[in-house]
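Working notes for the structure below.
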Amino acid sequence: SDGDPLPTVSMEDLDHLAQGVSKSHLETCQYLGAELQQTSWQNFLQDEVKSYQSKPAEVMWQLCAVKITEAIQYVVEFAKRIDGFMDLCQNDQIVLLKAGSLEVVLVRMCRLFDSQKNTVYFDGKFAGPDVFRALGCDDLVSAVFDFSRGMCSLRLTEDELALFSASVLLSADRSWLQEKLQVEKLQQKTQLALQHVLQKNQREEGALNKLRCKVSALRSLVIRHSEKLSAFRALHPDTVRTLFPPLYKELFGA
Amino acid sequence: KEKHKILHQLLQNSTSPVDL
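Sequence lines, in order, name chains A and B. Counting in the working numbering, the first sequence runs from 1 upward without gaps. Counting in the working numbering, the second sequence runs from 1001 upward without gaps.
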């Protein structure tokens, strides 16, 4: 920080902020808890797993790029509904989304994750890491699954997840921000609200620290995704150019 | 701006292209 004092906020302000962010999260979370129950946590059958595994890498990459892009569109909508986000300059809105939207998708993934079976909701059913073998990046896939399992073990409520997502998105240390101080103030307020909610929910002392550790894990996953994409693009430039969603290419520089 | 045309559009749209 540049030494500016923390914004003055009352408990009521923090409650109000927490409620607003939570509402935005629920409105834009793509899958509601109730809907997920209805999917009855059906896993892919062995034949279906084999069918994903036998797809050409280009087809599986395209499918995953489409699914990620769909999820990102909901994150953009989440950002737009966070109090103060649309008051930032447009450069900074873009910078924050470019750097943070995939991180929020990864955070949200724990809502769709079955820790006991090590499966995630994907393309209509629950999939284990083996479903993604054709991508040719087993190490990244298993790191993403490990991250999700770790997030699940924190057993965050939707309110906590919403505020953590907002705080990830409003990271004031992203490169190329023009009005860093504005973003910093928003992030500080969001983190205070998160802390307030964690205390209200009688979380153990270390809960906030555990979440802070997740931030560095997220950054490393996003860097690894970029590296894998670069390697894939080097082999299949035409697939990326003609078949990948334009928003995905815009965000990840493909 | 041209480089982030779609993000700009999504940010400016009052409704999202996805069915919320």
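Glycine is no exception: its CB is placed at the ideal position from the N, C-alpha and C atoms.
Neighbourhood of residue i by C-beta, 7 Å cutoff - its chain only, sequence neighbours within 5 removed
{"i": "Leu154 of chain A", "result": "Lys210"}
{"i": "Ala127 of chain A", "result": "Phe44, Thr119 and Val120"}
{"i": "His236 of chain A", "result": "Glu58"}
Straight-line Cα distance separating residue j from residue i
{"i": "Pro56 of chain A", "j": "Lys67 of chain A", "result": "17 Å"}
{"i": "Arg149 of chain A", "j": "Cys89 of chain A", "result": "36 Å"}
{"i": "Thr157 of chain A", "j": "Gly136 of chain A", "result": "34 Å"}
{"i": "Gly206 of chain A", "j": "Ile82 of chain A", "result": "26 Å"}
{"i": "Leu186 of chain A", "j": "Cys152 of chain A", "result": "26 Å"}
{"i": "Arg203 of chain A", "j": "Ala79 of chain A", "result": "26 Å"}
{"i": "Leu97 of chain A", "j": "Ser226 of chain A", "result": "15 Å"}
{"i": "Val131 of chain A", "j": "Lys1003 of chain B", "result": "34 Å"}
{"i": "Ala134 of chain A", "j": "Lys214 of chain A", "result": "27 Å"}
{"i": "Val183 of chain A", "j": "Glu48 of chain A", "result": "45 Å"}
{"i": "Ser22 of chain A", "j": "Ala231 of chain A", "result": "38 Å"}
{"i": "His1014 of chain B", "j": "Lys50 of chain A", "result": "Checking the sequence shown, residue 1014 of chain B turns out to be Ser, not His. Going from the Cα of Ser1014 of chain B to the Cα of Lys50 of chain A covers about 42 Å."}
{"i": "Lys180 of chain A", "j": "Leu1007 of chain B", "result": "20 Å"}
{"i": "Leu170 of chain A", "j": "Thr242 of chain A", "result": "32 Å"}
{"i": "Thr239 of chain A", "j": "Ser115 of chain A", "result": "34 Å"}
{"i": "Asp274 of chain A", "j": "Leu163 of chain A", "result": "The question about residue 274 of chain A has no answer here: the residues shown for chain A are numbered 1 through 254."}
{"i": "Arg224 of chain A", "j": "Ala234 of chain A", "result": "15 Å"}
{"i": "Arg212 of chain A", "j": "Ser165 of chain A", "result": "12 Å"}
{"i": "Met11 of chain A", "j": "Gln188 of chain A", "result": "14 Å"}
{"i": "Tyr52 of chain A", "j": "Gln46 of chain A", "result": "10 Å"}
Which residues DSSP lists as bridging residue i, in chain order
{"i": "Asn43 of chain A", "result": "A:Phe126"}
{"i": "Tyr74 of chain A", "result": "Paired residue(s): none; Tyr74 of chain A is not in a bridge."}
{"i": "Phe252 of chain A", "result": "None; Phe252 of chain A has no bridge partner."}
{"i": "Val120 of chain A", "result": "A:Phe113 and A:Ala127"}
Close-in-space but distant-in-sequence residues of the same chain around residue i (CB under 8 Å, 5 per side omitted)
{"i": "Gln195 of chain A", "result": "Leu208"}
{"i": "Leu247 of chain A", "result": "Thr69, Ile72 and Gln73"}
Selection from the options that minimises the alpha carbon distance to residue i
{"i": "Leu17 of chain A", "options": "A:His236, A:Asp159 and A:Leu235", "result": "A:Asp159"}
{"i": "Lys1005 of chain B", "options": "A:Arg133, A:Asn91 and A:Leu170", "result": "A:Asn91"}
{"i": "Val95 of chain A", "options": "A:Cys29, A:Val168, A:Lys228 and A:Lys23", "result": "A:Val168"}
{"i": "Gln178 of chain A", "options": "A:Gln191, A:Asp13, A:Glu103 and A:Gln93", "result": "A:Gln93"}
{"i": "Gln19 of chain A", "options": "A:Ser115, A:Thr190, A:Lys125 and A:Ser101", "result": "A:Thr190"}
{"i": "Gln42 of chain A", "options": "A:Ser220, A:Ser230 and A:Phe113", "result": "A:Phe113"}
{"i": "Met109 of chain A", "options": "A:Glu77, A:Val76, A:Tyr52 and A:Asp146", "result": "A:Asp146"}
{"i": "Tyr31 of chain A", "options": "A:Gly124, A:Gln46 and A:Leu221", "result": "A:Gly124"}
{"i": "Leu276 of chain A", "options": "A:Leu218, A:Ala162, A:Met11 and A:Gln46", "result": "A question about residue 276 of chain A goes unanswered here, because the residues of chain A that appear run from 1 up to 254."}
{"i": "Arg174 of chain A", "options": "A:Leu161, A:Tyr52, A:Glu250 and A:Gly100", "result": "A:Gly100"}
{"i": "Glu77 of chain A", "options": "A:Glu103, A:Glu27 and A:Ala143", "result": "A:Glu27"}
Report yes or no: do the region 105-124 of chain A and the region 196-203 of chain A share at least 3 C-beta pairs separated by less than 8 Å? Segments in contact, no.
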